[in-house]
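The working numbering applies: residue 158 is where the sequence shown begins, and numbers increase by one.
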Amino acid sequence: MWTSAWLFVVALVLALVPMTANAAPLPAPTLLTPTAGATVDQPLFSWDPVAEAAYYEIEVALDDQFVTVTDPRLPTDPVGVAQPRPVYGTTYVPTFSYAAKTHYWHVRAVGTDGARGEWSASETFTRRWTNLDEATGVQADEPASRVENVRLLTGGSTPALNDIAITWDPVPGAAYYQLQLTPTNSPDETITCTTPHTVVAPAYENAYVRRDALDPCDGIMSPIRAWTDATAWSEPAPDQIAIESTDGRTGDLVYVRFMDATGESQIVAPFAAEIESAGGDPRTFTIAGSAPTDPEAIAQFFVVRFPIEAHKGYSVRVRAVDATVEPDYPAIGTTPVYGMWSDERREPGEAAPGMLVFTPTDPIAGSGSLFDPVVPRNLTGIDSDVPVLSWEPADGAVAYRVVIALDRDFTNRVAEYRTRGAVFVPPETYDDNGPAGTYYWFAMPCRYDPLDPSQSEVKCRLADSAAINDLRYVGRFSKRSEPVLDLTATTFDDDQNVLLRWGDALTSARAVYPASTPGGVKNYQIQFTTGTWARSANVETDNLAYSTAVAPLYPGEYRWRVRPLDGQTKPLAWASGPDFTISEPQEPSPSPTSPTPEPSTTSPTPQPSTTSPTPQPSTTSPTPIAPGIPGTSPTPTQPAPVYQAPAADEAAAEDIAPDPPGKPRVTKVTKRKLRVHWRASEELGEPVSAYLVYRSTNGASFKRVRSTTSQTTRIKVKRGRTYWFYVVADSEAGRSGQSRTTRFRMPR
Numbered sequence: 158m159w160t161s162a163w164l165f166v167v168a169l170v171l172a173l174v175p176m177t178a179n180a181a182p183l184p185a186p187t188l189l190t191p192t193a194g195a196t197v198d199q200p201l202f203s204w205d206p207v208a209e210a211a212y213y214e215i216e217v218a219l220d221d222q223f224v225t226v227t228d229p230r231l232p233t234d235p236v237g238v239a240q241p242r243p244v245y246g247t248t249y250v251p252t253f254s255y256a257a258k259t260h261y262w263h264v265r266a267v268g269t270d271g272a273r274g275e276w277s278a279s280e281t282f283t284r285r286w287t288n289l290d291e292a293t294g295v296q297a298d299e300p301a302s303r304v305e306n307v308r309l310l311t312g313g314s315t316p317a318l319n320d321i322a323i324t325w326d327p328v329p330g331a332a333y334y335q336l337q338l339t340p341t342n343s344p345d346e347t348i349t350c351t352t353p354h355t356v357v358a359p360a361y362e363n364a365y366v367r368r369d370a371l372d373p374c375d376g377i378m379s380p381i382r383a384w385t386d387a388t389a390w391s392e393p394a395p396d397q398i399a400i401e402s403t404d405g406r407t408g409d410l411v412y413v414r415f416m417d418a419t420g421e422s423q424i425v426a427p428f429a430a431e432i433e434s435a436g437g438d439p440r441t442f443t444i445a446g447s448a449p450t451d452p453e454a455i456a457q458f459f460v461v462r463f464p465i466e467a468h469k470g471y472s473v474r475v476r477a478v479d480a481t482v483e484p485d486y487p488a489i490g491t492t493p494v495y496g497m498w499s500d501e502r503r504e505p506g507e508a509a510p511g512m513l514v515f516t517p518t519d520p521i522a523g524s525g526s527l528f529d530p531v532v533p534r535n536l537t538g539i540d541s542d543v544p545v546l547s548w549e550p551a552d553g554a555v556a557y558r559v560v561i562a563l564d565r566d567f568t569n570r571v572a573e574y575r576t577r578g579a580v581f582v583p584p585e586t587y588d589d590n591g592p593a594g595t596y597y598w599f600a601m602p603c604r605y606d607p608l609d610p611s612q613s614e615v616k617c618r619l620a621d622s623a624a625i626n627d628l629r630y631v632g633r634f635s636k637r638s639e640p641v642l643d644l645t646a647t648t649f650d651d652d653q654n655v656l657l658r659w660g661d662a663l664t665s666a667r668a669v670y671p672a673s674t675p676g677g678v679k680n681y682q683i684q685f686t687t688g689t690w691a692r693s694a695n696v697e698t699d700n701l702a703y704s705t706a707v708a709p710l711y712p713g714e715y716r717w718r719v720r721p722l723d724g725q726t727k728p729l730a731w732a733s734g735p736d737f738t739i740s741e742p743q744e745p746s747p748s749p750t751s752p753t754p755e756p757s758t759t760s761p762t763p764q765p766s767t768t769s770p771t772p773q774p775s776t777t778s779p780t781p782i783a784p785g786i787p788g789t790s791p792t793p794t795q796p797a798p799v800y801q802a803p804a805a806d807e808a809a810a811e812d813i814a815p816d817p818p819g820k821p822r823v824t825k826v827t828k829r830k831l832r833v834h835w836r837a838s839e840e841l842g843e844p845v846s847a848y849l850v851y852r853s854t855n856g857a858s859f860k861r862v863r864s865t866t867s868q869t870t871r872i873k874v875k876r877g878r879t880y881w882f883y884v885v886a887d888s889e890a891g892r893s894g895q896s897r898t899t900r901f902r903m904p905r
């Protein structure tokens, strides 16, 4: 029987039992960036820390109820269900590109016991791809991304048929470009093709040993027409031929010939005719002409519609394409993000830009000969992308055969093309080879077979030795990508995480080759390691920043580097960033709002509640990244770090690292020594304890060579070599970003 005394004791015991299941949830984080309603090129998410948080979860959706979650699923998510994304810190940078639309986002904290806190209030941001190489998270005030300045390489609107090259201004963030070409009088005949470059002067036959072209514009400049077998033919009236085909329209010019029943012998020579009528079921077109007497003869034809012809009008528009690491809603598979077409209005009051419109004229005769190789207009060149190759046209040539090799003897050939014009851009991206290494090339004129009245076959009969034996006919070019600039590493969350940033590849290419037409970049590869690069961790991202909070690193001192992957996923030059250190996590401190009760000497020891199940660890928490073989899942060598939010009052001015030092100046002091000196860093908090000087012999891989407390140092070097230098300021609050890089060549 329950007595009042016994009930009092039970009530006292229950009062002392830890009420884990009913404890107050962690408070909602305060969202910082993107600011409410901001328009950004790509977002950088950040929020204030929450005391007692082990990690956070973030959701991004199309609606404020978070029904339509847009983030790609994690491998650990259930099929068809995207779970909140765990973040082990207060800054998150997605590795994929958000598509153009307005997004809602919110964040919640998760305690060390696995209990989820309250969601923050949702905020919105709008993603709009712009034409500026903005850093990730910067609010975008510019109009949306649109290809600008589509034009002919030679200017004007009446290019010679053998001198057509279309170019446009590059767009930051573009992996490649789509070009649409439309005949003025035939809008339904639009051709769309894809190029990783910002110049189109296409081949019509091409073979490159390293990679295939994306979706080349190889049909628009071909002088060759392929014969097509007609489904059937008849003679509805004397001197009239009806050919069954879905091709051909009234008014089109068509070539027709007849082969014997075997298809091997020609019994009616090719002749040209205009299509008098077309239609019916099955679709048939009729022309004037004499049919063969053999009813088993095979009719063959081709319609002269494309390629580009002289004295016909054409219009062109172009758009940029961002090939993403992962697709964002509503895309699936490998769907990219598209920019605006060059003829589309970006703002309501803007005048429509219009298309590039041009009308080719007859080919330039040129001073070259059909019986000699052509003479390159530029015998040498170096660029960050494949260059525009051009030569003096040969009188009577309808095409040219272009050969590219790695050696002057042309024994190690990498590509061969046939192109209609005297200006040409390879349709693929090329491997870096320069400045010491070089690609060699020559071009030979080709003409129609004089015995073929339909002009459907092109013959290139000059022997290669005619070019190889004469230096006048051999050009060469170097392709050398540039490392990205402005690399910084900023630690946060008590130095348990780092935010890595770098500049756009387009900016670095323009800095060295301001007159060039750099190609596209698909994404960026980051490596970080505490040892050798052979045992580094790898991440690929669409953005110009990366936060380790999405997959924490083990404590230690790290090196890191980043490189772009071009529009065909070919790696470009590495750039090394300033070293950073990940600290050991702090031990969790007792919650100030939950004091530990004093043990009672009169009450029994409380037992764990049988109604409160022990929280299970989150199954969505990623394994921290440790240095390992690229492409593998490294085996952890120590316990995974546990993120612990700092108390709200821990931040102080002295915890701020100094600004980067000034760009170093380099002068020669002796035959083998250089003096490197720089402007002092601005000390925003902790004073500078040392300056670290980094040197490179290739502009990509840097090594620390000095640590000094002054603003100058002397460094021993080799004569006749080129060196690159930058400086980093160190302090108790951490290291600054790196200074700008200086290049210096030591005289012999």
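Here a beta-carbon is modelled for each residue, glycine too, at the ideal position from N, C-alpha and C.
What span of residues does the beta strand (DSSP E) with residue i cover, start to end?
i: LEU563; result: First-last for LEU563: undefined, no H or E at that position.
i: ALA389; result: 389–394
i: LYS830; result: 830–834
i: ARG629; result: Counting along the chain, ARG629 falls outside any beta strand (DSSP E), and DSSP gives it neither H nor E.
i: GLN199; result: GLN199 -> no beta strand (DSSP E), and no H or E assigned at all.
i: ALA272; result: Per DSSP, ALA272 belongs to no beta strand (DSSP E) and is neither H nor E.
i: MET416; result: 410–416
i: ALA522; result: Taken as a continuous stretch (DSSP letters only), ALA522 belongs to no beta strand (DSSP E), as it is neither H nor E.
i: ARG570; result: 570–576
Helix, strand or coil: how does DSSP classify residue i here?
i: ALA208; result: coil
i: ALA691; result: helix
i: VAL845; result: strand
i: ASP736; result: coil
i: LEU710; result: strand
i: PRO607; result: coil
i: ASP372; result: strand
i: ALA890; result: coil
i: VAL885; result: strand
i: GLU346; result: helix
i: THR698; result: strand
i: THR259; result: strand
i: THR705; result: helix
i: ARG242; result: strand
i: THR771; result: Legend: pLDDT at THR771 = 32, less than 50; position of this residue unreliable, value from coordinates given subsequently. In this structure, THR771 counts as coil in the three-state DSSP scheme.
i: ARG230; result: coil
i: GLU911; result: The structure shown does not extend to residue 911, since the chain spans only 158 to 905, so no value can be given for it.
Could you spell out the range, first to last residue, of the alpha helix (DSSP H) harbouring residue i?
i: ALA624; result: 622–625
i: SER665; result: 662–669
On the premise that residue j lies in contact with residue i, defined as a C-beta separation below 8 Å, what is that separation, rounded to the nearest angstrom?
i: ASP699; j: VAL482; result: 5 Å
i: THR248; j: PHE649; result: 6 Å
i: ALA551; j: PRO517; result: Not quite, the Cβ-Cβ distance comes to about 18 Å (not below 8 Å), so this is no contact.
i: ALA256; j: VAL494; result: 5 Å
i: LYS469; j: PRO327; result: That belief does not hold up - the Cβ atoms of LYS469 and PRO327 are roughly 29 Å apart, past 8 Å.
i: ASP205; j: VAL217; result: That pair is no contact at about 19 Å.
Nearest chain D C-beta to residue i closer than 8 Å, yes or no?
i: ALA193; result: Judged by its chain identifiers, the structure shown contains no chain D, having just a single protein chain.
Find out if the Cβ-Cβ distance for the pair residue i, residue j is shorter than 8 Å.
i: VAL366; j: VAL571; result: yes
i: TYR605; j: ILE561; result: no
i: TYR883; j: SER896; result: yes
i: THR586; j: GLY676; result: yes
i: TYR557; j: VAL582; result: no
i: VAL244; j: TYR213; result: yes
i: TRP548; j: ALA620; result: no
i: ARG832; j: PRO818; result: no
i: ALA702; j: LEU663; result: no
i: PRO380; j: CYS350; result: no
Bridge partners of residue i, per DSSP?
i: ALA331; result: The partner list for ALA331 (beta bridge, DSSP) is empty, contrary to what the question assumes.
i: SER635; result: ILE539
i: PRO533; result: TRP548
i: MET497; result: ARG303
i: LYS873; result: LYS830
i: ALA383; result: According to DSSP, which records beta bridges pairwise, ALA383 is partnered with nothing at all.
Tell me whether residue i counts as near the ligand GTP, meaning its Cβ is closer than 7 Å to at least one heavy atom of that ligand.
i: LEU729; result: Among the components modelled here there is no ligand, and therefore nothing to report on the ligand GTP.
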